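In this text, residue positions in the sequence shown follow my numbering: the first is 31, and each later residue adds one. C-beta: ideal position from N, C-alpha, C; glycine also. Keep in mind that this is a model prediction, so the values were computed, not measured.
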Amino acid sequence: MNYERILICIFLMAGITYLIRMLPLAFFRKEIESNFVNSFFSYIPYAVLGAMTFPEVFYSTGNLISAVCGVIVAIFLSFKNKSMIIVSLSACGAVFITERFLELIKFL
31 MNYERILICI FLMAGITYLI RMLPLAFFRK EIESNFVNSF FSYIPYAVLG
81 AMTFPEVFYS TGNLISAVCG VIVAIFLSFK NKSMIIVSLS ACGAVFITER
131 FLELIKFL
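Now the structure itself:
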């Protein structure tokens with residue numbers, strides 16, 4: 031992945047996150063009483079960031095197999111309610127170990 035694409039992704043995520051948080055302030059002057067609307071504005075930034083970030087996870091490593099292993103480890107640990115740093119470090123470790131294992135298999 032090239033440097034330009036990374037910067038474009040970062041700026042898009044930042045812009046969309048800002049817009050989603052700014053739009054309710056710009057359009058609604060009084061307190062929003064609907065629980066549905068409040069929960070929608072509460073969760074949509076995470077959904078948008080996830081939708082933009084998740085596909086890049088599979089192309090961030092040199093091998094699709096190692097990326098899938100990292101995603102599986104991250105999903106498993108997040109369902110176990112581990113902290114974000116534990117999930118991130120474990121997923122990176124899984125990718126590293128998987129890539130080393132694949133290099134070893136290729137070498138043999």
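Please work out which residues of its chain come closer than 8 Å, Cβ to Cβ, to PHE88, disregarding the five sequence neighbours upstream and downstream, and give them in chain order. LEU94, ALA97, VAL98 and VAL101
Using the C-alpha atoms, what's the distance from LYS60 back to ALA104? 40 Å
Straight-line Cα distance separating SER90 from ALA44: 19 Å
For THR128, report the span of its alpha helix (DSSP H) as first-last. 114-137
Return the residue from the list ILE40, GLU34 and ALA56 that minimises the CA-CA distance to LEU79. ILE40
Taking its Cβ as the centre, do 16 or more other Cβ atoms sit within 10 Å of THR83, making it buried, or is it exposed? exposed
With distances taken Cα to Cα, identify the nearest neighbour of LEU55 among LYS136, PHE71, MET114 and ASN111. PHE71
Taking 7 Å as the threshold (C-beta atoms), are ILE46 and ILE141 in contact? Here the chain has residues from 31 to 138 only, and residue 141 is not among them.
When the Cα of LEU37 is compared with those of GLY123, GLU86 and ALA77, which residue comes out closest? GLU86
With 16 other CB atoms within 10 Å as the buried threshold, where does LEU138 fall? exposed
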